[in-house]
Amino acid sequence: MSKGKHLTLDDRKSIQMGLKEGRNFQEIAHEIGKDPSTVSKEIRNHRVARRTASFNPCIKAKDCYHDRDICFPCRRHYHGYCRRCPVAKCYETCPDFSQEICRHVKSPPYVCNGCSERRRCKLERYIYDAYEAQKTYEKTLSESRTGFAISYEELKRLDDLISPLIRQGQSILHICQSNKDLIMCDEKTIYNYIDDNLLSVGNLDLPRKVRYRVRKKKRAVQVDKQCYVGRTYEDIRTFLAACPDVAV
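Just so we're aligned: 84 in the UniProt record's numbering is position 84 of the sequence shown, and the numbers increase by one with no gaps anywhere.
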């Protein structure tokens, strides 16, 4: 198993094909020589949300019988159920709206690539595309990265998992060790997220950490600027130009 190496375009193509064929993360990871957690993280970080013309995320959409009463009076004079209106989006203003999220996008495989109901589904779809994932990876690699390299969706997932356990009194070390397959980051990273207020819990929710004394930072050693006089790069170039035969 190759460790420390980034995924290539061929690896991503294999992941896309594996998802289409309905293989699990273990099988895909074995084929490309990576850890299953790497495959899982790759899919969740680079999946793309798409909506079709028939998009309607209401859990009651199939049995809803609102008849020209959501946009009352009906501005388009549409004769039929509101859920079938070709103009207005009933789910945006309906008082009975209740969102439905497919279980396949909340848990492995996290995408709809190999779903048999994909053509008929009216919910938001998540697709993993190898070429799009490669473009995103290359763009991220070329840009100067600041802050934390984590998406909003991934951070929210961690927050929903970790914060309730911290409030129950569990330590971060215990949480990380008990949920290795779900957290996939070390204890230090979680502390950094909390320090930067990225999670809904704070340092006051960590009973042990609030008892620690703040470590004193070492003062930077101040160097006398006179030490640089006559020792700059320009001084060296001037010296070499004046004495070209001197070996340096």
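Backbone N, C-alpha and C fix where the C-beta goes; we use that ideal spot for every residue, glycine too.
Local conformation of residue i per DSSP, three classes
i, result
"Q99", "strand"
"C82", "helix"
"C94", "coil"
"C112", "coil"
"C227", "helix"
"N203", "helix"
"K106", "helix"
"C243", "coil"
"I194", "helix"
"R237", "helix"
"D67", "coil"
"Q222", "coil"
"K135", "helix"
"T140", "helix"
"T232", "coil"
"K188", "helix"
Per DSSP, cross-strand counterpart(s) of residue i
i, result
"A49", "Y126"
"C58", "Q99"
Residue i burial status per 10 Å Cβ neighbour count (16 or more: buried)
i, result
"G18", "buried"
"C123", "Checking the sequence shown, residue 123 turns out to be Leu, not Cys. By the neighbour-count rule (16 or more Cβ atoms within 10 Å), L123 is buried."
"Q16", "buried"
"K217", "exposed"
"R47", "buried"
"Y193", "buried"
"L240", "exposed"
"A133", "buried"
"I236", "exposed"
"N203", "exposed"
"I175", "buried"
Proximity to residue i [Cα-Cα], best of the options
i, options, result
"G33", "K5, K60 and R120", "K5"
"K188", "V201, P109, L173 and A133", "L173"
"L198", "L158, E117 and G169", "L158"
"I166", "D181, N24 and S200", "S200"
"R50", "A247, R119, E31 and D186", "R119"
"C74", "P244, C64 and C90", "C90"
"C185", "D205, A149 and G114", "A149"
"K156", "I190, D129 and Q170", "I190"
"N179", "C115, G80 and L161", "L161"
Can you list the alpha helix (DSSP H) stretches of 4 or more residues lying completely in the UniProt domain "Transposase IS30-like HTH" (3-44), in chain order?
Taking only runs of at least 4 residues, the alpha helix (DSSP H) segments lying wholly in the UniProt domain "Transposase IS30-like HTH" (3-44) are 9-20 and 25-32.
Quick check for students: name the residue ranges of the alpha helix (DSSP H) that lie wholly in the stretch 146-184, counting only runs of 4 or more.
Counting whole runs of 4 or more residues, the stretch 146-184 contains the alpha helix (DSSP H) stretches 152-167, 172-178 and 180-183.
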